[in-house]
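Numbers in the working numbering are just positions in the sequence shown, counted from 1, shifted up by 38.
Note that beta-carbon positions come from the ideal geometry of N, C-alpha and C, so glycine has one too.
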Amino acid sequence: MTQIESVEKLIKKINVTPRAQMHDKTLNDALAAQEKSKNEQSANIEPNIWRIIMKNRITKLATAAAVVLIAVLGITFLDKSVPSAYAIEQTIQANHTVRFLHLKSFIEPNDEPIESWVEFDARGQLKNMRLKKPAWLDPEDGETIIVWKDNKMRLYSKRKNFLFIMKDQEIAAQVLENIELLDPKLAVERLKTEQEQGKVEVVIVEPSNKSEPIIVTATNIEQDNEPFPRAILFVDQATRLVNSVEAYKLEDGEYHKMVTVEYYDYNQPITSEMFTLDDVPDDAVLMDETTQEIGLLQGDFTDNEIAIEVVRQFLQALIDEDYAKAGKMWGAVPADRMKKAYGQTRFIRIISIGEPTEIPAMRALKVPCKIEIEKDGQVSVWEPEHSYVRQVHGQPERWAINGGFYGI
C-alpha cells in the first residue's frame, strides 16, 4: 500500500462535519500532489478533489488554512488521571496574553512550509492575518500571498500576476472560524475539554532540565475515527507556551509524522506592512469583486436555470469575441486578460449544455457543456473539464462562473 493509498483509506474512515471533511481532503490531496511530484504519475489520472477545489479562487484561502490547521484539529488529549507537575491550564493561561504570532506549517516530506503571521486584538479575536502559500501546494497559481484585513481578503498570485479582492459575510465567518484554530490558546482550551471526556491515552514527560520542553504525547483511543490518532505537543517550561505540534498517522502498525506546526515570536509586534499588499506590481491584473456587479441577476430563474444561463452567455460572449462580457460572466476578470486566455481560439458554436450537478465542497454547480472550436487550424469539440457556477460572494442575488475553464 502506497503512502497516498493509506491516507485515502484513513480519510474515508473519518466521521466529521462537511467542513472538516473538506479540511481532511485538502490535506490528503496536498500529500497526493507531493507524491505525484516525486513519482511522476501518469498525466491521465482522474482529477481529484484538490484540483477541483483549487480551481476556485475563494476556497484557496480556506483550503490553505485547513492544511495549516489540520495538525491542531487532530489533537484531542490529556487524561486528567495522568500525574504531572505540568497542567494544561498553565498553557491556557499563558496563551491568553498572546497578541502576535508567527507560524510555520510543514507537511511531510516537503521542506517549504506554509507560513502565517497573525495579529489578535485585545479581546483575543483575529484582527489581521498574512499567509504565504508555497508553489507546491497549488502549482497552477504558484506562490501566493493572502492577506486578511478589514474583513477583506486579498490574494496575489506571483506566477499569474493577478490580485483578487473579495468581501463576503459568509466567507468572512468561515475564514474567522478557521483562523481561530491557529490561536494556540483556543486549541489548548479544546484539549482541556477533551481531557474531561477521557478519549485519549497520554504520556507527559517533564524534563528536569528546564531548558528542555515538556513533551505531551497523546494517542487517541478510537484510532479509526481520527485522521491523526497521535499528536505530540512541545511546551516551553518557562513560559508554558506551545513551541510546536506534531501530528502522526498510523500505517501498518507504525506512527508516521505527517504535519508539524511551529510557533514563533510570541508577542513580537508584527509591522503593519505585513498585513498589506502594497508591493504588488502595477501591471498586476486586478479582479475586485467588491466594486462592481458580476455575472447575472437570478431573478425568477431556479438555481439550475441561472447556472445554465450564465454558462450559455459566457460561451456566447466567447463566440462573439466580447471579452468584456465574458470577463463579467467569469467574475471581474478584465477584458484584456480574457482575450489573452481565449483570443487564440475561435469559438464556433455551442453544441450542448447539460443539466447542472451540485459540488458541495465548492458550494457550486457544475454545468457540463460542449463547444465546437478551431485552434491552430484544427476544428474540434471542447468539453471543459470543470465548468462551475455559483452565487457571487457579497452579491448573493447574482451568479457567475466560478472556475474550471482554462487560462485564467
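With 16 or more other Cβ atoms from the protein chains shown falling within 10 Å of its own Cβ, serine 195 counts as buried. Closest in C-alpha terms to asparagine 148, from the list Thr298, Ala364, Gln429 and Ser246, comes Thr298.
In the DSSP assignment, isoleucine 411 forms a beta bridge with Phe385 and Ser418.
Residue environment for alanine 285: buried (at least 16 other C-beta atoms within 10 angstroms of its C-beta). Within the model, the alpha-carbon separation for proline 372 versus glutamine 330 is close to 12 Å.
Across the structure, alanine 362 and phenylalanine 385 are spaced so that their CA atoms are roughly 16 Å apart. Cβ neighbours of lysine 205 within its own chain (closer than 8 Å, five residues either side excluded): Asn189, Lys190, Met191, Glu327, Thr328, His431 and Gly432. The bridge partners DSSP lists for valine 156 are Leu139 and Met167. Secondary structure at isoleucine 308: coil, using DSSP grouped into helix, strand and coil.
For leucine 271, the uninterrupted beta strand (DSSP E) run begins and ends at 268 to 273, by DSSP. Nearest to serine 282 by C-alpha distance, out of Leu288, Trp155 and Asp274, is Asp274. When DSSP states are grouped into helix, strand and coil, asparagine 148 belongs to the coil group. DSSP places tryptophan 174 outside any beta strand (DSSP E), giving it a letter other than H or E.
By the CB criterion at 8 Å, threonine 314 and valine 185 fall inside the cutoff. Nearest Cα to lysine 295 within the set Ala276, Asp317 and Leu271: Leu271. Secondary structure of arginine 350 (DSSP, three-state): helix. Per the coordinates, the alpha-carbon of isoleucine 388 lies some 10 Å from the alpha-carbon of tryptophan 420. In terms of CA proximity to valine 254, Val243 leads the group Val243, Glu260, Ile346 and Ala364.
In the DSSP assignment, lysine 295 falls within the beta strand (DSSP E) that extends over 292 to 302. In the three-state scheme derived from DSSP, where H, G and I count as helix and E and B as strand, lysine 248 is classed as coil. Counting other Cβ atoms within 10 Å of its Cβ, serine 418 stays below 16 and is therefore classed as exposed.
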